[in-house]
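Going by this note's numbering, the letters in the sequence shown line up with residues 56 to 402, in that order. Note that the Cβ used here is the ideal one computed from N, Cα and C, for glycine as well. Report on one structure; see the data block that follows.
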Amino acid sequence: MPVVYSNKLPIEYFDYIVIDECHRSIYNLWKQVLDYFDAFQVGLTATPDNRTFGYFNQNVVSDYGYEKAVIDGVLVPYNVYSIETQISKEGASLKIGEQVDRRERLTRKKFWSTVDEDVEYSGKQLDRDIVNPSTIRAIIREVKNKLPSMFPDRVDEKGNFEVPKMLVFAKTDSHAEDIIDIIREEFDERSDFCKKITYQSDEDPKTILSQFRNDYYPRIAVTVDMIATGTDIRPLEVLLFMRDVKSRSYYEQMKGRGTRTCGLDELRAKGTPSAKFAKDHFVIIDAIGVEQSQKTDSRPLEKAPTVSLKEVLQRIAVGDRSEEMMSTLANRLLRLDKQINEHEKKL
Numbered sequence: 056m057p058v059v060y061s062n063k064l065p066i067e068y069f070d071y072i073v074i075d076e077c078h079r080s081i082y083n084l085w086k087q088v089l090d091y092f093d094a095f096q097v098g099l100t101a102t103p104d105n106r107t108f109g110y111f112n113q114n115v116v117s118d119y120g121y122e123k124a125v126i127d128g129v130l131v132p133y134n135v136y137s138i139e140t141q142i143s144k145e146g147a148s149l150k151i152g153e154q155v156d157r158r159e160r161l162t163r164k165k166f167w168s169t170v171d172e173d174v175e176y177s178g179k180q181l182d183r184d185i186v187n188p189s190t191i192r193a194i195i196r197e198v199k200n201k202l203p204s205m206f207p208d209r210v211d212e213k214g215n216f217e218v219p220k221m222l223v224f225a226k227t228d229s230h231a232e233d234i235i236d237i238i239r240e241e242f243d244e245r246s247d248f249c250k251k252i253t254y255q256s257d258e259d260p261k262t263i264l265s266q267f268r269n270d271y272y273p274r275i276a277v278t279v280d281m282i283a284t285g286t287d288i289r290p291l292e293v294l295l296f297m298r299d300v301k302s303r304s305y306y307e308q309m310k311g312r313g314t315r316t317c318g319l320d321e322l323r324a325k326g327t328p329s330a331k332f333a334k335d336h337f338v339i340i341d342a343i344g345v346e347q348s349q350k351t352d353s354r355p356l357e358k359a360p361t362v363s364l365k366e367v368l369q370r371i372a373v374g375d376r377s378e379e380m381m382s383t384l385a386n387r388l389l390r391l392d393k394q395i396n397e398h399e400k401k402l
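Encoded structure:
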């Protein structure tokens with residue numbers, strides 16, 4: 056309904072209006088509420104866009120970016136590991152006469168049919184129009200094989216690797232179901248090891264989210280959009296992108312799920328008892344090429360992940376002041392600061 060004058064709430068009722076998450080909803084229906092009141096407005100957002108700057112007449116009072124927050128210890132840095140498959144990069148084709156199983160979108164009911172003409176499909180059509188389970192399996196298998204090298208200290212009392220809390224972003228609810236089935240098979244784990252958190256979950260999504268945030272299981276959660284923004288899961292250490300994101304601000308919000316700090320006691324208590332150190336970084340596993348685009352404002356401080364700390368220090372000692380080396384050194388020192396105690400710092 057349109058906003059009209061009210062004696063109970065005159066236009067001068069407020070002195071200040073603080074608008075949280077001012078990068079989105081205030082420019083639609085809510086704008087008439089803001090226009091109604093004669094008050095100073097303060098907007099808060101982690102991901103401003105052109106509408107935000109335009110609405111506030113370019114009046115930026117405070118700019119506290121991701122890099123500053125990492126340096127101050129408010130957020131943690133991240134590393135990127137990319138996975139690229141030939142089909143996701145180049146697409147593939149189905150030849151006339153091939154037998155394929157088709158699936159209804161809503162019921163996921165399968166039926167067989169014959170391709171009556173050659174079909175070429177691109178990587179962007181994967182998991183929307185075309186489902187290729189072998190591609191999903193190749194990605195999940197690579198993730199499983201590489202996680203121990205990403206988190207070498209995560210070994211439980213029995214000597215088994217403990218999978219860090221991981222959030223997977225899927226394209227659709229049906230895609231999420233495919234991912235969950237393959238994760239359970241590849242990791243050879245029970246059903247509560249990996250669960251779906253979407254608006255179409257069979258179980259109450261809020262209950263699963265609470266378990267993911269506070270309990271040992273599930274280790275892996277798969278979502279589409281439900282927990283992409285506005286949800287804190289502090290023990291979360293891995294984000295696996297199996298869908299692309301067109302919006303820069305939305306992508307930054309999605310990455311924000313992994314940036315939260317988490318102390319050692321909290322990390323152990325909320326599902327990762329094998330942790331040896333506080334959460335000092337998180338990992339983005341990019342299986343769709345989302346991190347390669349320039350849509351993102353925040354970038355990893357780690358510019359030379361394959362170079363040892365000793366070599367980094369040696370290069371800087373002989374005069375290498377490149378952004379690559381200085382940023383990498385800053386990232387290593389920030390992580391080291393969370394791994395050593397006060398006595399070791401003095402030494």
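Point to revise | Neighbourhood of glutamate 76 by C-beta, 7 angstroms cutoff - its chain only, sequence neighbours within 5 removed | key: Thr100
Practice item. Could you check how far apart the C-beta atoms of valine 367 and leucine 384 are, in whole angstroms? I think they sit under 8 angstroms. Key: 5 angstroms
**Study point:** Cβ distance (whole Å) where cysteine 249 is taken to contact arginine 289 below 8 angstroms
**Key:** That belief does not hold up - the Cβ atoms of cysteine 249 and arginine 289 are roughly 20 angstroms apart, past 8 angstroms.
**Study point:** threonine 107 (DSSP reduced to helix, strand or coil)
**Key:** helix
Practice item. Would you be able to state if there are at least three C-beta pairs under 8 angstroms between the segment 255 to 270 and the segment 235 to 245? Key: no
**Study point:** For alanine 276, three-class secondary structure by DSSP
**Key:** strand
Review point. Distance, Cα to Cα, isoleucine 234 vs glycine 326?
Key: 22 angstroms
Practice item. Decide if tyrosine 119 is buried, meaning its Cβ has at least 16 other Cβ atoms within 10 Å, or exposed. Key: exposed
Review point. Hey, quick one: how far does the alpha helix (DSSP H) through lysine 251 stretch, first residue to last?
Key: Here lysine 251 belongs to no alpha helix (DSSP H); instead the beta strand (DSSP E) covers 249 to 251.
Check your understanding: In whole angstroms, what separates the C-alpha of serine 304 from that of histidine 78?
Key -> 8 angstroms
**Study point:** Spatial distance of lysine 220 from proline 57 (CA atoms)
**Key:** 45 angstroms
Point to revise | When Arg274, Ile237 and Val279 are compared against glutamine 255, the one with the closest alpha-carbon | key: Val279
Check your understanding: Comparing alpha-carbon positions, which option in Ser246, Phe332, Ser80 and Arg106 lies nearest leucine 319?
Key -> Phe332
**Study point:** Entirely enclosed alpha helix (DSSP H) segments - the segment 338 to 395, minimum 4 residues
**Key:** 364 to 372 and 378 to 394
Review point. How many Å lie between aspartate 247 and proline 65 at the Cα?
Key: 53 angstroms
Check your understanding: Who are the Cβ neighbours of glutamate 397 in its own chain at under 7 angstroms, not counting the five residues just before and after it?
Key -> none
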